[in-house]
Amino acid sequence: MGDTTAWLMLAAGDDRARASNDGYDDDPSSHYSWDSTVPNHAKPAEGHVIVLWDKKHLLGASVIEKIDRGRAPKDIHSCPRCDKARIEFRTTLLPRIKCYNCGHEFDEPKTRTADVDTYRTRHDAGWIDLAGRLDGARLRELCVSPKSQLSLRPLDYDRFRAAIGEAPTPTSLAPLEAAAKYVRSGHREAFVRVRRGQGPFRSALLARYGDECAFTGRMPVDALEAAHLYSYAATGTHHDEGGLLMRRDVHRLFDLGFLAVRPDTFHIDVHPVLSPYEDYASLHGKPLRPRLTTAQREWLRKHWKQMRSTSPGGA
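Under our numbering, the residues of the sequence shown are numbered 1 to 315, in order.
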């Protein structure tokens, strides 16, 4: 993964520096926003890994599927003496604002409105919750420039990956890396296309298979998703025999190729990266539960060929 570009991004909240602006509307697990007033604003790109933190702890990591770009007016606050934006609101001291450029203390900032370029990631498909795995000090050490104070700063991905593997609760980043590889290969739309017709497609599968996940057996209906056995993004079509019901986590791992179906026996094949997880490892070698149609068998053969030739360590 030596060619992986990664960014450490400071998530919104009480600890995100925002005195010079009116803040950002972030949801760490799905999107992250910034604008052209932020250093490095134009450098993150689709396929890059992003690691989010709150200055104290790691929150999680993902891959940028898409960046929505725009233009918008923004109120920018600055020091009334030196006109610099290096100001901080203070919660316990008065005056309530201090300029870290000239040292001036004041209660009301100078405010101007400017048009800025806006950026907003979409990254929910590859999100891995890593809450608390590393603390802020360790994350700073893993940056390309450990003393950087920027909210968007380059991160040494290989060292970050190793640190996650050595954490008290180690977590595999393989699903994230598979997603990053997929996006960089030009298949970004597989993550972001709006799936029109998904409701009727799921209803048809529920009518046919009831409350049963194809891999794990009976499940509450609310836990089951309609899984395409092919790349819906490539065709935009819901084929009548092109899907099965899967539990949400199973669906995700199937889409990434870590769960697949052998094309000779149609038994479940579990990728070695999942072997530490008993619930998944126990599925290896078991037959799929529903009786497959000829078309479904063909779709599963294609899934095997595509995913196991592109997933990390694939057969």
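Even for Gly, the Cβ is constructed at its ideal location relative to N, Cα and C.
For this session: Output yes or no for whether 9 Å exceeds the beta carbon distance between Phe254 and Ala227.
Result: yes
Problem set entry | Leu130 CB to nearest heavy atom of the ligand SAM below 8 Å | Looking at this structure, you won't find the ligand SAM or any other ligand, since it has none at all.
For this session: Mind the definition here: the segment 152 to 162 touches the segment 31 to 45 only if three or more C-beta pairs lie below 8 Å; say whether that holds.
Result: yes
Exercise. Val250 by DSSP, collapsed to three states: which one?
Worked result: helix
For this session: May I ask you to list the residues that DSSP assigns as paired with Asp35?
Result: The partner list for Asp35 (beta bridge, DSSP) reads Thr118.
Exercise. Comparing alpha-carbon positions, which option in Met219, Ala178, Glu241 lies nearest Arg308?
Worked result: Ala178
For this session: Buried or exposed for Val144, please, with buried defined as at least 16 other CB atoms from any protein chain shown within 10 angstroms of its CB.
Result: exposed
For this session: Can you grab the Cα-Cα spacing for the pair Trp127 / Ser275, in whole Å?
Result: 21 Å
Exercise. Roughly how many angstroms separate the alpha carbons of Pro168 and Arg140, rounded to a whole number?
Worked result: 19 Å
For this session: Pull up the CB-CB distance for Gln306 and Leu229, whole angstroms please, since I reckon it's below 8 Å.
Result: Between Leu229 and Gln306 the Cβ distance is about 11 Å, and since that is not below 8 Å, they are no contact.
For this session: Return helix, strand or coil for Gln303, following the three-state DSSP convention.
Result: Here the sequence assigns His to residue 303, which means Gln is not the residue at that position. Three-state result, His303: helix.
Exercise. Does DSSP put Asp75 in a helix, a strand or coil?
Worked result: strand
Exercise. If you draw a straight line from the C-alpha of Glu212 to the C-alpha of Arg248, how long is it?
Worked result: 12 Å
For this session: Specify, as a first and last residue, the run of the beta strand (DSSP E) that Asp269 falls within.
Result: Segment 268 to 270, the beta strand (DSSP E) holding Asp269.
For this session: Just mark Lys98 as buried or exposed, buried being the case when its beta carbon has 16 or more other beta carbons within 10 Å.
Result: buried
Problem set entry | Run of the alpha helix (DSSP H) containing Leu139, from where it starts to where it stops | Residue range 136 to 141 is occupied by the alpha helix (DSSP H) that includes Leu139.
For this session: Go through its chain and collect everything with a Cβ distance to Arg112's Cβ below 6 Å, but skip five positions before and after it.
Result: Cβ-Cβ distances below 6 Å link Arg112 to Ile76 in the same chain, with the five nearest sequence neighbours on each side left out; the list follows chain order.
Exercise. Name the DSSP bridge partner or partners of Cys213?
Worked result: Gly217
Exercise. Run through DSSP, which three-state label would Val144 get?
Worked result: coil
For this session: Please classify Gly199: is it buried, with 16 or more other beta-carbons within 10 angstroms of its beta-carbon, or exposed?
Result: exposed
For this session: Give the secondary structure of Lys181 by DSSP, where H, G and I count as helix, E and B as strand, and everything else as coil.
Result: Looking at Lys181 - three-state DSSP - the assignment turns out to be helix.
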